[in-house]
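With the numbering used here, letter number 235 in the sequence shown gets 505, and the count goes up by one each step, no holes.
Virtual Cβ for every residue (Gly too), placed ideally from N, Cα, C.
A short worksheet on the structure shown next.
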Amino acid sequence: MAGIGFELRRLLRQDSYFSLIRAYGYAGLISSGPWVLSILAVMALGVLSAAASPGNSTHVTAFLISVTWLVAGSLLLTSLVQLLFTRYVADRLFEKRDSAILPNLFGLLTLVILAASSIGGALLWFTFADTPWLYQLEMLMSFVVLSMIWCVTVFVAGTKAYRQVLLAFACGYGTTFAAGLLLKDYGLVGLLGGFVIGQSLLLFTLLVMVIRHYPSDRLWAFDLHRAGQCQHSLIAIGLFYQLGIWADKLVFWFNPATSESIIGPLRASPIYDLPIFLAYLSIVPGMAVFIMRMETNFAESCHAYYEAVRGGDTLLHIEELRGEMVASVRHGIYDIFKVQGITVVALLLSGPALFTWLGFSHWYLPLFNIDIVAVGIQVLFMAILNVLFYLDRLKPALWLCFLFLLANLMLTLLSQLLGPVFYGYGYAVSLLFVSLVGLAVLDHEFEQLTFQTFMLQPSK
């Protein structure tokens, strides 16, 4: 995220209300714009397709559920390498070895293509036998393309071409929407075919941007596995975090009492899915503040602290800089509380009117209300993990992610035993629990930071 950090600091140096608004706008668009665009485009395509065929909307439901499972599966698969590759890229940029990035990206994409094709092909062969062959082919293509997109988006913020990045996502999902409408008469395979076309366009557009920004004289390399460049804890952190995010959804999908079969082995939970995915749209304000604070104030104070350490500054000055880091984190967390809290209150008050306007049943409102609170807490949890990554405290981050997965899984199962009134509380309470633990961990890490910096370094 160093790229957007530089741009945000440049805007803030202009010291005007307009530049401040632009900075928050950039932060919101980069952090949440692609996510919001994808949700809105897929939902709009589903709604319009259902409206065009009011008597037969089964294929629309199958399309939406297929895309949901594709996103979940591809995120879980690439969670094994995303953080690892992000760290690799950051280290190469720090070493001014930009030319090593592109060949290793192609090496990683080769690995992802092989893994996604093998896993996806095996799942289709054994569990989708009763579905049309064209649907199976489109599912496999979508799975591979989405997995590649999640890897390429590691570079999105680093290119500093924010308008082009947002335009690429807008074109990709705009094409998904347009192609889906043109092919909707072909039913499920038509809608999914439009999705494949749009995502492929997005992938190749992002690849062109990365190739132009990180030129290299080599085409292919794979250095991630080499000693000193492969931190296995990042693999586990990525997997546990994504499993934690999806654990409650998977529990509801696989429980016959709270879900129904849609197509092949794919299941959906009508009572649980809509509120949680709508609630994710409320993440934009909190994410904008999160990026602004973490990539400007905290990043600057963190850089100043470690520069002072490397430069042999006095212990008194180093301690002062540590205090500034703590203050920047405290202010950032307070701002996240403030902005996301206002967003949550506004949605709690406007929820009934919003659901009436969208035509959704008010039976979803109690679950929607707890979900928007949970999503707000998730922004705080992400901020805590981000600080731990900056401090290179991977072990506490690993345990927090594992604790999140375990708590979400167990509390969601408990909520199902307690009944519909408690649905959603497993996700919310687990996030609240790990966030409180995370704040305590941060406090301890900052107290011990100077000692660990000087005394726990590996011997040369």
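Cβ-Cβ distance between residue i and residue j below 9 Å
i	j	result
Ser552	Gly646	yes
Leu347	Ile505	no
Ser412	Val466	yes
Ile291	Tyr550	no
Leu350	Leu509	yes
Asp400	Gly534	yes
Asp641	Ala698	yes
Leu661	Glu715	yes
Leu664	Ser470	no
Ile532	Ile335	yes
Val609	Phe724	no
Beta-carbon separation (whole angstroms), residue i vs residue j, contact threshold 8 Å
i	j	result
Pro545	Tyr634	5 Å
Tyr693	Leu658	Their Cβ separation, rounded to whole angstroms, is 31 Å, which puts Tyr693 and Leu658 out of contact at 8 Å.
Met557	Val649	6 Å
Gly390	Val414	7 Å
Leu472	Ala448	In fact, because the Cβ distance is near 13 Å, the residues do not count as touching under 8 Å.
Phe736	Tyr542	Because the chain in this structure spans residues 271 to 730, residue 736 falls outside the shown range and cannot be described.
Gly512	Leu345	Correcting the residue identity first, residue 512 is Gln in this sequence and not Gly. 5 Å between Cβ atoms; contact.
Asp368	Tyr484	6 Å
Ser486	Pro373	6 Å
Gly463	Thr445	The pair is not a contact, with the Cβ atoms about 12 Å apart (cut-off 8 Å).
Gly514	Phe630	Between Phe630 and Gly514 the Cβ distance is about 27 Å, and since that is not below 8 Å, they are no contact.
Val359	Ile371	6 Å
Neighbour-count burial assignment, residue i, 16 or more Cβ in a 10 Å radius
i	result
Val337	buried
Gly593	exposed
Met652	buried
Ala497	Because Ala497 carries a pLDDT of 46, less than 50, the predicted location of this residue cannot be relied on, and no value is offered for it.
Val691	exposed
Ile481	exposed
Phe364	exposed
Ile612	exposed
Arg600	exposed
Ala597	exposed
Ser700	buried
Residue i CB to nearest heavy atom of the ligand SAM below 8 Å
i	result
Ser503	This structure lacks the ligand SAM, and indeed carries no ligand of any kind.
Residue range of the alpha helix (DSSP H) that includes residue i
i	result
Ala667	664-688
Ser470	458-483
Ser620	585-628
Leu416	403-422
Ser552	From DSSP, Ser552 is part of no alpha helix (DSSP H); its letter is neither H nor E.
Trp395	371-397
Asn639	635-660
Trp339	328-348
Leu693	The amino acid occupying residue 693 in the given sequence is Tyr; Leu does not appear at that position. Neither: Tyr693 is in no alpha helix (DSSP H) and is coded neither H nor E.
Gly581	That residue, Gly581, is in no alpha helix (DSSP H); it is neither H nor E in DSSP.
Phe568	Counting along the chain, Phe568 falls outside any alpha helix (DSSP H), and DSSP gives it neither H nor E.
Arg357	352-364
Gln512	502-524
Boundaries (first-last residue) of the beta strand (DSSP E) holding residue i
i	result
Ser531	530-533
Arg537	536-538
>> Across the segment 456-473 and the segment 400-416, are there enough close Cβ pairs to call them in contact, namely three or more that are closer than 8 Å?
In response: Counting Cβ pairs under 8 Å, three or more are found: they touch.
>> Measuring CB atoms only, is the segment 554-563 touching the segment 622-631, in the sense that at least three cross pairs come out at less than 8 Å?
In response: Because the criterion of three Cβ pairs below 8 Å is not met, the segment 554-563 and the segment 622-631 do not touch.
> Does the segment 502-518 touch the segment 612-621, meaning 3 or more C-beta pairs lie closer than 8 Å?
Replying inline: The segment 612-621 vs the segment 502-518: no contact.
> Just checking, does the segment 689-709 make contact with the segment 665-673 on the three C-beta pairs under 8 Å criterion?
Replying inline: Contact between the segment 689-709 and the segment 665-673 is present: 3 or more CB-CB pairs across the two stretches fall below 8 Å.
>> Counting beta carbon pairs with one atom in the segment 376-394 and one in the segment 479-490, are three or more of them shorter than 8 Å?
In response: Two segments are said to touch when three or more pairs of C-beta atoms, one from each, lie closer than 8 Å; by this definition the segment 479-490 touches the segment 376-394.
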